[in-house]
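Those protein sequences? They're chains A and B, same order as listed. Under my numbering, the first residue of the first sequence is numbered 5, with each subsequent residue one higher. Under my numbering, the first residue of the second sequence is numbered 5, with each subsequent residue one higher. In this text, a Cβ means the ideal position worked out from N, Cα and C, and glycines have one as well.
Number of protein chains: 2
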Amino acid sequence: MSVRLIFLGTSAGLPTVKRGLSCIVLKYRGDLLIFDCGEGAQRSMMIAGIGFPKNLKIFITHMHGDHVLGLPGLLQTLSLMDRKYDVYVYGPKGIVDFIMKVKELLQFQISYGLHINEVNSGIVVEEKDYVVRAAEAMHFQQSYAYSFEEKPKPGKFHPDKALALGVPKGPLWKMLQEGKCVLNMFGEPVFPHQVMDPPKDGIKIVFSGDTRPCESVLNLSMNADVLIHDSTFDDSLVDKAISDMHSTASEAAEIALKANVKLLVLTHISARYSSSTEALLNQAREKFGNVIVAEDFLELLISKNDVSLRRLIDPMK
Amino acid sequence: MSVRLIFLGTSAGLPTVKRGLSCIVLKYRGDLLIFDCGEGAQRSMMIAGIGFPKNLKIFITHMHGDHVLGLPGLLQTLSLMDRKYDVYVYGPKGIVDFIMKVKELLQFQISYGLHINEVNSGIVVEEKDYVVRAAEAMHFQQSYAYSFEEKPKPGKFHPDKALALGVPKGPLWKMLQEGKCVLNMFGEPVFPHQVMDPPKDGIKIVFSGDTRPCESVLNLSMNADVLIHDSTFDDSLVDKAISDMHSTASEAAEIALKANVKLLVLTHISARYSSSTEALLNQAREKFGNVIVAEDFLELLISKNDVSLRRLIDPMK
């Protein structure tokens with residue numbers, strides 16, 4: 005299965021004409037996963053034609069306005085649409101208080117089950133085909149990076165090998181395909197790896213959120229297909245990156261290199277690069293070749309062997 | 005002086021692809037007045053090229069999410085821009101609590117003096133050249149309509165009349181122009197109306213906010229140049245308008261007619277009219293001829309004798 009990743013807000017701190025506040029959505033097998041929900045996210049979802057399916061999960065990296073001020077409006081809009089399916093929100097300490105207080109202050113009703121979870125490091129969601137894992141990032145407050153990890157797929161089963169090893173067609177084949185050891189017609193054990201190709205890794209995508217370069221995000225990113233990393237500043241502003249707890253373009257590239265990721269996407273772009281992001285791209289590219297700068301309404305179609313890019317709307321117009 | 009009025013959010017409840025959440029800005033002599041601040045307002049201001057001048061006032065009609073959820077982000081962005089000039093916010097009961105709680109929950113700093121005022125009916129702002137007046141609207145909560153009223157301008161002074169009445173050029177002319185009675189060279193009183201045309205009415209613009217048609221908004225709207233009125237539904241949904249405390253198109257038109265306004269602008273348009281607002285326009289027009297339906301990025305240039313329209317960006321593209 006492939007993953008659709010759509011960048012809806014790629015700006016840092018304040019929006020610009022071309023970049024909205026932080027929001028990335030991930031579509032996988034009918035599920036919608038939203039990573040951060042800056043102001044304006046709900047409308048960008050409508051413009052991008054992203055519907056609100058039965059399975060809807062929202063992950064907040066940290067409780068700064070530019071990452072979370074679109075959440076109350078989205079929750080309210082889902083209610084105005086008379087949604088009945090549950091909605092799950094995951095975030096750091098403070099997320100429950102924020103949503104409940106704003107809901108109370110603005111007196112809005114929720115038409116669906118709303119489940120808000122304050123997360124810890126580790127697996128925060130486990131579904132049949134994927135997990136979402138959180139790791140502490142290095143920012144001002146409690147702040148999380150998240151990974152979406154498709155579960156490994158069993159390798160191809162070879163009937164000829166099974167027959168040659170004395171395992172007849174039938175329930176024993178199913179057991180082997182499920183990873184179990186069976187006994188053949190001679191009473192000898194036959195192991196799955198003898199009749200199947202090795203399991204295929206699933207797709208892995210990592211969102212750093214706002215962060216200084218750090219071990220925990222590096223570890224979370226190991227061998228990811230796509231790493232979306234904070235790249236608020238170019239290298240000439242490394243001191244500002246340190247004081248503001250963000251990363252520079254080449255710091256993001258170093259993490260991508262060490263983590264052996266396939267593609268690095270720079271995001272959370274400071275408004276000072278409104279006219280050009282070339283400096284960011286060039287500085288990153290010196291350390292890590294396969295890098296792009298995120299844009300609003302850029303879509304990545306990610307399979308295990310390939311990533312294709314498409315612009316849903318040209319934000320440069 | 006003319007007034008620039010720019011519609012930035014003309015949708016009701018939830019945004020659509022073409023309409024953002026409630027926000028209208030008014031520019032007058034370098035002052036910026038913002039009426040309602042729905043989610044996304046700050047970015048629409050950037051897209052429309054509206055800067056943030058020294059004199060900045062924000063008026064909130066009521067504490068529903070679609071009218072106020074863009075306010076925390078705007079206040080935060082002004083701070084990120086390192087604004088030093090004071091910002092004044094006016095709104096109903098609850099506005100102080102909302103801003104202070106969100107500021108605390110999201111831990112953002114404010115770089116400028118922030119003055120938040122819970123208003124009552126009557127004049128809420130008086131400046132040299134204009135006042136802003138509030139009147140209670142009829143909605144679920146405490147809800148206000150606001151009028152912007154340019155102060156009357158003195159009529160044209162006629163030097164020939166002053167000379168003929170025995171008032172020589174000099175300080176006495178200034179006193180007459182300031183509305184004071186003077187004594188002429190024969191010791192007789194000369195009154196301003198003898199040497200000046202009658203005062204010219206200033207421009208008056210009224211924003212109803214969300215409301216059922218009501219006396220207080222009608223009174224506030226008397227002889228306005230422009231009335232911007234809730235027109236969430238067309239007449240076939242009058243029952244829904246009553247239960248949701250909104251107005252239909254022809255109800256808005258009746259208020260415009262009774263108040264003797266020059267131009268009616270229908271706004272707060274339900275998402276159900278995304279493909280066409282013809283029904284709203286036609287129903288209103290049957291009762292009141294000079295009516296338009298608001299659109300995002302529509303600008304009105306309003307002088308006492310004329311209103312011209314311009315689309316800053318074509319939202320239908």
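- For I296 (chain A), the CB contacts under 6 Å within the same chain, skipping 5 residues up- and downstream, are V269 in chain order.
- Each of A:G191, A:N264, A:H197, A:S220 was checked against the Cα of M226 (chain A), and the nearest Cα belongs to A:N264.
- The alpha-carbon of F56 (chain B) is positioned some 13 Å away from that of Y92 (chain B).
- By the neighbour-count criterion, in which 16 or more other beta carbons inside 10 Å mark a residue as buried, V210 (chain A) falls on the buried side.
- With fewer than 16 neighbouring CB atoms inside 10 Å of its own CB, H197 (chain B) falls in the exposed class.
- Among the CB atoms of chain B, one or more fall inside 7 Å of the CB of V21 (chain A).
- At a cut-off of 7 Å between beta carbons, T215 (chain A) makes no contact with chain B.
- Chain B has a Cβ within less than 7 Å of the Cβ of R47 (chain A).
- Within the stretch 104 to 115 of chain A, the residues whose Cβ lies closer than 8 Å to some Cβ of chain B are K105, V106, L109, L110, Q111, F112, listed in chain order.
- The Cβ atoms of D40 (chain B) and H68 (chain B) lie no closer than 7 Å to each other.
- In the DSSP assignment, D35 (chain A) forms a beta bridge with A:Y32.
- The closest CA to that of V7 (chain B), considering only B:R314, B:D310, B:I306, is found on B:I306.
- Looking only at A:E122, A:I10, A:H272, A:L231, the smallest Cα-Cα distance to I54 (chain A) is reached by A:I10.
- Exclusion of the five residues before and after H162 (chain B) leaves V199, M200, D201 as the residues of its chain whose Cβ lies within less than 8 Å of its Cβ.
- Sequence-distant partners of N121 (chain B) (beyond 5 residues in either direction) whose C-beta falls short of 6 Å from its own C-beta, in its chain, are Y94.
- The beta-carbon distance between P217 (chain A) and S251 (chain A), rounded to whole angstroms, is 5 Å. This is short enough to meet the 8 Å contact definition.
- The stretch 9 to 29 of chain A and the stretch 287 to 302 of chain A touch, with three or more beta-carbon pairs separated by less than 8 Å.
- Sequence-distant partners of Q46 (chain A) (beyond 5 residues in either direction) whose C-beta falls short of 7 Å from its own C-beta, in its chain, are G74, G77, L78, T81.
- Not a single C-beta of chain A is nearer than 7 Å to the C-beta of I64 (chain B).
- Using a CB distance below 8 Å, the part of the stretch 71 to 87 of chain A facing chain B consists of V72, L73, G74, P76, G77, Q80, T81, L84, M85, ordered along the chain.
- Within the stretch 28 to 46 of chain B, contact with chain A at the beta-carbon level (separation under 7 Å) is assigned to E43, G44, Q46.
- Our two residues, L176 (chain A) and G191 (chain A), have alpha carbons roughly 13 Å apart in a direct line.
- Judged by DSSP in its simplified three-state form, A16 (chain B) adopts coil rather than helix or strand.
- Cα atoms of L84 (chain A) and L18 (chain B): separation of roughly 7 Å, rounded to the nearest angstrom.
- Bounds of the beta strand (DSSP E) holding V230 (chain B) are 230 to 234.
- By the Cβ rule, the stretch 273 to 290 of chain A counts as touching the stretch 230 to 246 of chain A, because three or more pairs are nearer than 8 Å.
- In the DSSP assignment, H119 (chain A) is bridged to A:Y92.
- Distance check between V221 (chain A) and each of A:G42, A:I51, A:H143 places A:H143 closest, using alpha-carbon atoms only.
- Counting other Cβ atoms within 10 Å of its Cβ, G213 (chain A) reaches 16 or more and is therefore classed as buried.
- When secondary structure is reduced to three states using DSSP, P217 (chain A) falls in the coil class, being assigned neither helix nor strand.
- Under DSSP, E153 (chain A) takes part in a beta bridge, and its partners are A:V135, A:K208.
- The C-beta distance from E153 (chain A) to G206 (chain A) rounds to 6 Å, short enough to fall under 8 Å.
- For A228 (chain B), the closest of B:S279, B:V129, B:I273, B:N309 by C-alpha to C-alpha distance is B:N309.
- If only uninterrupted alpha helix (DSSP H) runs of at least 4 residues are considered, those enclosed by the stretch 169 to 198 of chain A are 175 to 181.
- Residues of chain A with a Cβ closer than 7 Å to the Cβ of I51 (chain B) are, in chain order, V21.
- At a cut-off of 7 Å between beta-carbon atoms, G95 (chain A) makes no contact with chain B.
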